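The structure appears below as structure tokens.
Numbering (my numbering), first residue to last: 91 to 436.
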């Protein structure tokens, strides 16, 4: 391997790692707030690319029907619960959250996105669709069993992933897509050729991470979400709703998944079931941080992207296996550093 080849692989690894950082951040956030390992996070990424591709071909994406059908179920559940509790304020919030907003986004996607619309407009509408789907998933699947054990929540997440796969096959078909990306001639940095796509992906990822940082540390809702992530019981004691925190966490996860799909779509061909592998790679990065520490999760995501790039060169057939095997030494190291203590045994 020459230095030039290594530099190219390192570029690809950093670009992939930048996307995995976003996925790892979303997975850590959802887990710390709701104890849900959000397996369908990768499905949102794949659905984003498939939705944008449908807009590019002038076809209304099946994501519109997924959103409308899911929002109708979530709205019915909210109305039943609010009526039983006689909570008029909740009725009003439900009408907005699961009625007006999803319907407005679906109408915009169905009517105001022609084939020749600007790419940025198509991306914005695609992002809105996917972001709206995520809290709908939370309301239907996870909110009713929020107090269940982590194992039950994991089983529900896997079932949701399988259900989304089936729905994706039905509404998008089995064909793969590759969306438009950052175009332009490559340029030289320190004697190395760098593509516009790599710079665009890394730059967009950095901007999104900064936006998330500002949201978490400067906004009231973001601080409430961090409080729920650090100590759910303490947050409930001071008046932070666990349901509201969970819904917000899923909204952020949906937005991050949509942004990740827009970034990864031009780099690889995505199918209706491609999200599972993407989500797992983000999960490996999150495991490095122990599903709790954001900087370490980001470092783990960069490690995953770099290892994946070099593994593609040395042993492309075993690329994914090599990436997933990173979990073994990490878990072994954590078991040595933080050994499990049985009750009454040290």
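Yeah, the Cβ is synthetic: ideal placement off N, Cα and C, and Gly gets one too. Nothing here was measured: the structure is a model prediction, and the numbers come from that model.
Exercise for review: Using beta-carbon positions only, say whether residue 319 and residue 126 come within less than 8 Å of one another.
Suggested key: If you number the chain shown from 1, residue 319 lands on position 229. If you number the chain shown from 1, residue 126 lands on position 36. No.
Check your understanding: Do you know how far the Cα of residue 174 is from the Cα of residue 296?
Key -> One-based indexing of the chain shown puts residue 296 at position 206. One-based indexing of the chain shown puts residue 174 at position 84. Whole-angstrom Cα-Cα distance: 45 Å.
Check your understanding: Under a Cβ-count criterion, where at least 16 other Cβ atoms within 10 Å of its own Cβ denotes burial, should residue 251 be classed as buried or exposed?
Key -> Numbered from 1 along the chain shown, position 161 holds the residue referred to as residue 251. The residue is buried, with at least 16 neighbouring Cβ atoms inside 10 Å.
Exercise for review: Run the CB neighbour count on residue 151, radius 10 Å, all protein chains shown included, and call it buried at 16 or more, exposed below.
Suggested key: In the chain shown, the residue the question calls residue 151 occupies position 61. Buried, by the Cβ-count rule.
Check your understanding: Looking at residue 132 and residue 228, is the spacing between their C-beta atoms short of 8 Å?
Key -> Along the chain shown, read from residue 1 onward, the residue named residue 228 stands at position 138. Along the chain shown, read from residue 1 onward, the residue named residue 132 stands at position 42. Taking 8 Å as the Cβ cut-off, residue 228 and residue 132 do not qualify as a contacting pair.
Check your understanding: For residue 225, does the count of other Cβ atoms within 10 angstroms reach 16, so buried, or fall short, so exposed?
Key -> On the chain shown, residue 225 is found 135 positions in, with the first residue counted as 1. Classification of residue 225: buried, given that the 10 Å Cβ count is 16 or more.
Review point. Can the beta-carbon of residue 346 be found closer than 8 Å to that of residue 371?
Key: Along the chain shown, one-based indexing puts residue 346 at 256. Along the chain shown, one-based indexing puts residue 371 at 281. Residue 371 sits away from residue 346, with the two beta carbons spaced by 8 Å or more.
Point to revise | Rounded distance between the beta-carbons of residue 269 and residue 139, thought under 8 Å | key: For the purposes of this step, residue 139 is identified with residue 49 of the chain shown, where counting begins at 1. For the purposes of this step, residue 269 is identified with residue 179 of the chain shown, where counting begins at 1. With 8 Å as the limit, residue 139 and residue 269 qualify as a contact, their Cβ atoms being about 5 Å apart.
**Study point:** Cβ-based burial, residue 303 [other Cβ within 10 Å; buried from 16]
**Key:** The residue you call residue 303 lines up with position 213 of the chain shown. Label assigned to residue 303: exposed.
Exercise for review: On a CA-only basis, which of 365, 422, 354 is nearest residue 103? Give me that one, please.
Suggested key: Taking the first residue of the chain shown as position 1, residue 103 is located at position 13. The option with the nearest alpha carbon to residue 103 is 354.
Check your understanding: Do you know offhand how far residue 434's Cα is from residue 310's?
Key -> In the chain shown, residue 434 corresponds to position 344, counting from 1. In the chain shown, residue 310 corresponds to position 220, counting from 1. Its pLDDT being 40, under 50, residue 434 is placed unreliably by the model, and the measurement read from it follows with that caveat. When rounded, the distance between both Cα atoms is 42 Å.
**Study point:** Three-state secondary structure assigned by DSSP to residue 267
**Key:** For the purposes of this step, residue 267 is identified with residue 177 of the chain shown, where counting begins at 1. Three-state DSSP puts residue 267 in a strand.
Check your understanding: What are the residues that DSSP puts in a beta bridge with residue 412?
Key -> For the purposes of this step, residue 412 is identified with residue 322 of the chain shown, where counting begins at 1. In DSSP, residue 412 forms no bridge with anything.
Review point. Secondary structure at residue 108, three-state DSSP: helix, strand or coil?
Key: Numbered from 1 along the chain shown, position 18 holds the residue referred to as residue 108. In the structure shown, residue 108 sits in a helix (DSSP, three-state: H, G or I).
Check your understanding: Which of the three DSSP states, helix, strand or coil, is assigned to residue 127?
Key -> Along the chain shown, read from residue 1 onward, the residue named residue 127 stands at position 37. Looking at residue 127 - three-state DSSP - the assignment turns out to be coil, as it is neither helix nor strand.
Point to revise | Residues of its chain near residue 400, where Cβ-Cβ distance is below 6 Å and the 5 sequence neighbours each way are ignored | key: Position 310 of the chain shown, counted from the start, is the residue given in the question as residue 400. The answer, listed in chain order, is 99.
Check your understanding: Can you give the Cα-Cα distance for residue 301 and residue 425, rounded to whole angstroms?
Key -> As a position in the chain shown, residue 301 is number 211, starting the count at 1. As a position in the chain shown, residue 425 is number 335, starting the count at 1. Spanning the two alpha carbons is a distance of roughly 34 Å.
Practice item. Report yes or no: do the region 252-260 and the region 349-369 share at least 3 C-beta pairs separated by less than 8 Å? Key: yes
Review point. First and last residue of the alpha helix (DSSP H) that includes residue 147?
Key: Here residue 147 refers to the residue found at position 57 of the chain shown. Here residue 147 belongs to no alpha helix (DSSP H), and DSSP marks it neither H nor E.
Practice item. Provide the residue(s) that pair with residue 223 in DSSP beta bridges, ordered along the chain. Key: In the chain shown, the residue the question calls residue 223 occupies position 133. Answer is none; residue 223 lacks a bridge partner.
Exercise for review: Would you mind reading off the limits of the alpha helix (DSSP H) that contains residue 236?
Suggested key: As a first step, residue 236 must be located in the chain shown, where it is residue number 146. Segment: none, residue 236 is in no alpha helix (DSSP H) and carries neither H nor E.
Point to revise | Span separating the alpha-carbon of residue 334 from that of residue 408 | key: The count along the chain shown starts at 1 and reaches residue 334 at position 244. The count along the chain shown starts at 1 and reaches residue 408 at position 318. Going from the Cα of residue 334 to the Cα of residue 408 covers about 42 Å.
Check your understanding: Taking just the CA atoms, how far does residue 422 sit from residue 342?
Key -> For the purposes of this step, residue 342 is taken as residue 252 along the chain shown, with counting starting at 1. For the purposes of this step, residue 422 is taken as residue 332 along the chain shown, with counting starting at 1. Their Cα atoms are separated by approximately 31 Å.
**Study point:** Distance between residue 403 and residue 92 (C-alpha atoms, nearest Å)
**Key:** Position 2 of the chain shown, counting from 1, holds the residue named residue 92. Position 313 of the chain shown, counting from 1, holds the residue named residue 403. Going by the C-alpha atoms only, they are around 12 Å apart.
Check your understanding: Which residues mark the beginning and the end of the alpha helix (DSSP H) in which residue 286 is found?
Key -> The count along the chain shown starts at 1 and reaches residue 286 at position 196. Element bounds for residue 286: 286-308.
Review point. Can you tell me where the alpha helix (DSSP H) with residue 345 in it begins and where it stops?
Key: Looking up residue 345 in the chain shown gives position 255. It spans 332-354 - the alpha helix (DSSP H) in which residue 345 sits, taken as one unbroken run.
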